[in-house]
Amino acid sequence: MAIEHDYFGLVGDYWSETVEYADQRVEVVLDTDGDDVELTALDVAATLVGELELADDELRQSFVSQLDSKSSPIVKYLDTVLDPELEQADDIEAAIGRESGDRQVDALRSMSLVRVDLRPDADEPGDAFAEFEYALAPDETDERLVASIDLEREIVDVRFEG
């Protein structure tokens, strides 16, 4: 049985929309079983869609703060995509639209937010309520940096997918 929501409409198994902000087109997907989701979780998901730019900024700030840890998925992602021997190195360099003097920070700031998966049935603290998928030169590379946040926008996982 499906549930009705003011923002998402009739919620069954899958809802998708392209959201535009800051010269980006982001695919936002709501993936849930309409029977197992609470209206309050759908409200939080709708608010997150409306505040996508703010949530994106918060995540990028967190990524920058993790650059000191050589074992972090952020550093592993950057080491991979910024490798000058990479076949798409020229495309990646062209995608870095900032030059502050810190190449890693410039790359993080230049990444595209490609997709956001919302899972409102994961509504307990520590559950992956939303996944934000990032890429530098997303049309040219398969490498992705994926950050999962919980209902309160706390990061629960960051991983590098190559």
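To convert a position in the sequence shown, counted from 1, into the working numbering, add 3.
No residue lacks a Cβ here, since even glycine has one placed at the ideal position from N, Cα and C.
Endpoints, the alpha helix (DSSP H) within which Ile1 is located | Missing from the structure shown is residue 1; the chain here goes from 4 to 165 and no further.
Determine the direct distance from the alpha carbon of Asp126 to that of Glu102, and round the result to whole angstroms.
-> 39 Å
Val31 and Val119 look like a contact to me (Cβ under 8 Å); what is the Cβ gap, rounded to whole Å?
-> 5 Å
Proximity of Asp34 and Arg122 at Cβ, strictly below 7 Å = yes
Quick one: what's Gln107 bridged to in DSSP?
-> DSSP, once it has assigned bridges, lists no residue as partnering Gln107.
To which residues of the same chain is Ala98 closer than 7 Å at the C-beta, ignoring the five residues directly before and after it?
-> Ser113, Leu139 and Ala140
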